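Below: one structure, written as structure tokens.
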Amino acid sequence: MKLLVANWKENPIMLEDALTLAKQVDHQEVVICPPHIFTAAISKVLKKASTGAQDGFYEPHGPFTGYVSMAQLAAVGVKHVIIGHSERRALGEEETVIARKIAAAFEAGLTPIVCIGETAEEHKQGKVKEVVDRQVRSAFSLLPAGSVATSREAIICYEPVWAISTNQVPGMETADTPEQAQTVARYLEGIVRGMPVTSRFIYGGSVNQENLAAFLICPEFSGVLVGGASLRVPEFKKMIKIAEHILM
Ligand code: PGA
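Position one of the sequence shown corresponds to residue 26 (our numbering), numbered consecutively onward.
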């Protein structure tokens, strides 16, 4: 089965609601990324799914008010951590910080889910490859060169910023299709080859029950990152069923 990463963003408000939601979609190959405050409790109740975080800080401990470290996340049972989500980049998170977070995630034994993707403006200007190329090279720039790639597995999420949180089937009303996302993934495969990391690719951006299969059947994608639809339990359950029927 392919991977479904659920990014709950800043939802829900109450712990009970988070636990109810998590238990209803507790399935293998599902990674639930709740707000930090719920990660410990959720990782305790999950039997099949694994727990992810939506961010983590690169310093392992110390005087860093308000931050939660990769080591602290790992200590409460978190296995994956989203790094470089476009919503954080839009709030000023820089590529140098993202690279440090990725190195720290590996150090703590977490699998980073590295989000990359071009904005609508960059897309219109035909700069897709240029942007994702720069983002990926920078993301892994702090890993020790010449070290063994297989000791680190990253998940790279290609998530065009213009396709996030829209109600459209991503790009279907424009010239963009899953094939174009595949082209980007293939291009990135070539770039990551030779870096001291092994990667698999997932797609993100308004993935829902209608368009899920179109992305999951792409051999380039090992799964998807789901925001809004992951909070709609009946829909997300249907998505799990769809993913179960699509072979790797
Ligand atoms: P969306 O969010 O599925 O609601 O577009 C995806 C994401 O931003 O991670």
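The C-beta atom is built at its ideal place from N, Cα and C for all residues, glycine as well. Since the structure is predicted, the reported quantities are computational estimates derived from the model, not experimental observations.
Return the bridge partner residues of PHE226 from the DSSP annotation.
ILE181 and PHE246
Just the Cα atoms here: how many angstroms apart are LYS149 and PRO185?
12 Å
Cβ-based neighbour list, SER166, same chain, cut-off 8 Å, excluding 5 preceding and 5 following:
ALA124
Would you identify the three-state DSSP class for HIS105, choosing helix, strand or coil?
strand
Could you pull out every unbroken alpha helix (DSSP H) segment of at least 4 residues lying fully inside the stretch 77-101, listed in chain order?
95-100
By alpha-carbon positions, which one of ALA179, VAL249 and LEU46 ends up nearest to LYS126?
ALA179
Close beta carbons around VAL258, own chain, < 8 Å, minus the five adjacent residues each side
LEU46, GLN49 and VAL50
Hey, would you say the C-beta of ASN236 is under 7 Å away from at least one heavy atom of the ligand PGA?
no
Using 8 Å as the threshold, is the C-beta distance between VAL30 and ALA65 below it?
no
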